[in-house]
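Visitor:
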Amino acid sequence: MSVQVQGVEKRYVRRDRETVALAPVDLTIDKGDFVAFVGPSGCGKSTLLNMIAGIIEPSAGKILHEGQQVRGVNQRVGYMTQTDSVLPWRTVYDNIELPLTFRPFSAAQRRERVEAMMKAVDLSGFANSFPNELSGGMRKRVALAQVLVYEPGTLLMDEPFGALDAQLKLMMQRRLLDIWQETGKTVIFVTHDLSEAVTLAQRVVVFSGRPGHIKAIEPINIPFPRDPFKVRFEPEFQASYERLWSILAPEIAKGEDI
Ligand SMILES: Nc1ncnc2c1ncn2[C@@H]1O[C@H](COP(=O)(O)OP(=O)(O)OP(=O)(O)O)[C@@H](O)[C@H]1O
Ligand SMILES: [Mg+2]
904 MSVQVQGVEK RYVRRDRETV ALAPVDLTID KGDFVAFVGP SGCGKSTLLN MIAGIIEPSA
964 GKILHEGQQV RGVNQRVGYM TQTDSVLPWR TVYDNIELPL TFRPFSAAQR RERVEAMMKA
1024 VDLSGFANSF PNELSGGMRK RVALAQVLVY EPGTLLMDEP FGALDAQLKL MMQRRLLDIW
1084 QETGKTVIFV THDLSEAVTL AQRVVVFSGR PGHIKAIEPI NIPFPRDPFK VRFEPEFQAS
1144 YERLWSILAP EIAKGEDI
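This is the structure in structure tokens:
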């Protein structure tokens, strides 16, 4: 078992006003699973990822990661947050190296890993470039390398490819699927894009509108390896998309912030 979410609830209190961001949620994700989260804006998807990453604490319930309760920052997950953590004043090399500097790696190990990672995301020629000299897709590849470089067993990705154009998005999806198939990592992937969820995931968790809770968990029965450029033409893709849309559409219609 990679991630177990048990009766987890999150309430935020601000100036005596309470927001229930997440109603009790139960969810088990096995090691090596690729799971997508979809749901209307404000239903608590980022909140749940933040709790799995140990950045915020549940108001009730508990989260286990690889059998251990998450308490404090969870160093064993790689987290690509909704706004990435690429620092503009650091070069590509230094950005990718950054997470290693907080962990017990020697200088030689750091160099070896950063160079291997730059190769894996096709950025070897850009070690000394700064983020503002990169295209949007290259910047996303830096962010991806940052979370992969310390080899976490679990990746949390919060709308990582949302801002990319359609073509680049497909290329990043292909890259991610390759990495997932090579390494067997557990991936939890938040997206607003149902096509993206169907393209990538083995299971899609559909959240309801506020207060967020799980409305359905749908398996996507399309065999792997999947090619993001072609998978959309398969009949099973269309069927899965329509099934998900029929579950999600009423939730979106209910929301006032969409
Ligand atoms: N630090 C905070 N303090 C108070 N309320 C918060 C805080 N963070 C999130 N919320 C509220 O909790 C709810 C869930 O927010 P969250 O960011 O988890 O939603 P989301 O599903 O990720 O939305 P989106 O799809 O827009 O990214 C929202 O109503 C939001 O306003
Ligand atoms: Mg969010």
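Residue numbers (the numbering used here): 904 to 1161.
Just so you know, even glycine gets a beta-carbon here, dropped at the ideal spot from N, CA and C.
#1: Under a Cβ-count criterion, where at least 16 other Cβ atoms within 10 Å of its own Cβ denotes burial, should T1164 be classed as buried or exposed?
#2: Is K913 near ligand 2, going by C-beta to nearest heavy atom under 7 Å?
#3: Using only the heavy atoms of ligand 2, determine whether one of them is closer than 7 Å to the beta carbon of D1096.
#4: Alpha carbon to alpha carbon, what distance is there between V973 and G947?
#5: Let me check one thing: in DSSP terms, what residues is I1117 bridge-paired to?
#6: Could you tell me whether the Cβ of L967 comes closer than 8 Å to any Cβ of chain C?
#7: Kindly list the residues whose CB is nearer than 7 Å to the CB of S1032, restricted to its own chain and excluding five residues on each side of it in sequence; keep chain order.
#8: Is there at least one non-hydrogen atom of ligand 1 closer than 7 Å to the beta-carbon of A924?
#9: Using the Cβ count rule (16 or more neighbours within 10 Å means buried), how would you classify F1127?
#10: What three-state label does DSSP hand I1161 in the structure shown?
#11: So what does DSSP say about L1026, is it helix, strand or coil?
#12: Grouping DSSP H, G and I as helix and E and B as strand, with all else coil, what is V911?
Guide: Walking through what the data contain:
#1: A query on residue 1164 cannot be resolved here, the shown segment of the chain reaching from 904 to 1161 and no further.
#2: no
#3: no
#4: 18 Å
#5: F1110
#6: No chain C appears in this structure, which consists of one protein chain only.
#7: T994, V995
#8: yes
#9: exposed
#10: For I1161, the pLDDT reaches just 43, beneath the cut-off of 50, and the residue's location in the model is therefore unreliable, although a value from the coordinates is still provided. Coil.
#11: coil
#12: strand
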